[in-house]
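The structure appears below as structure tokens.
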Amino acid sequence: MLLDSSTNFCKRCPPCRGFTPVLVQFYNSHAKDKNFEIIFISSDRDENSFNEYYKEMPWLTLDFKNRAKKEEIAKKFNITGIPTLILLDGDSGEIICSDARGQLQFEDTKGEKFPWKSS
33 MLLDSSTNFC KRCPPCRGFT PVLVQFYNSH AKDKNFEIIF ISSDRDENSF NEYYKEMPWL
93 TLDFKNRAKK EEIAKKFNIT GIPTLILLDG DSGEIICSDA RGQLQFEDTK GEKFPWKSS
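Using my numbering, you'd call the opening residue of the sequence shown number 33 and step up by one each time.
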């Protein structure tokens with residue numbers, strides 16, 4: 033399972049707007065054969081921005097209204113910046129790769145080494 037934390041507010045944040053299409057391509061190409069799911073954890077400031085941004089995503093999301101759960105997840109996984117992509121073991125919830133974004137966007141752009149492991 034991959035946790036994706038970003039925001040539509042990032043229209044002013046090139047890293048977020050640049051990463052979402054990369055993640056969509058990876059998801060569409062590999063989700064079934066590599067057996068993973070992504071859950072979007074929105075850092076948007078309002079629900080309209082969330083709804084607009086989430087239209088670009090073919091994966092699951094945490095309900096925008098559940099801000100308490102968003103904060104709990106951010107604290108648990110030490111999410112302090114956006115965009116963030118964390119690879120978790122779907123059964124245990126343990127972190128497999130804390131910098132899955134860096135792996136996908138810069139190191140393994142085709143996802144051939146997925147599932148990535150933290151160093």
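By construction, the Cβ of each residue, glycine as well, lies at the ideal position given by its N, Cα and C atoms.
Proximity to residue i [Cα-Cα], best of the options
| i | options | result |
| --- | --- | --- |
| S74 | P46, D121, G134 and N98 | N98 |
| S38 | E144, Q57, C129 and A106 | A106 |
| D36 | R77, D78, D131 and N60 | D131 |
Residue i, enclosing alpha helix (DSSP H) - first and last residue
| i | result |
| --- | --- |
| L55 | P46 to H62 |
| I38 | It is Ser, not Ile, that sits at residue 38 in the sequence shown. Counting along the chain, S38 falls outside any alpha helix (DSSP H), though it belongs to the beta strand (DSSP E) covering L34 to S38. |
| I105 | R99 to K108 |
| F82 | E79 to Y86 |
Buried versus exposed, by CB contacts within 10 Å (16 or more), residue i
| i | result |
| --- | --- |
| F138 | exposed |
| K102 | buried |
| T52 | buried |
Integer Cβ distance of residue i from residue j, believed to fall under 8 Å
| i | j | result |
| --- | --- | --- |
| L34 | I118 | 7 Å |
| F72 | Y86 | 6 Å |
Boundaries (first-last residue) of the beta strand (DSSP E) holding residue i
| i | result |
| --- | --- |
| T116 | T116 to L120 |
| F138 | Premise fails: F138 is in no beta strand (DSSP E) and is neither H nor E. |
| S74 | I70 to S74 |
| M111 | According to the sequence shown, residue 111 is Ile rather than Met. It is not in any beta strand (DSSP E) - I111 carries neither H nor E in the DSSP assignment. |
Could you say if the region 85–94 and the region 108–120 meet the contact criterion of at least three C-beta pairs nearer than 8 Å?
Flag = no, the region 85–94 and the region 108–120 do not touch.
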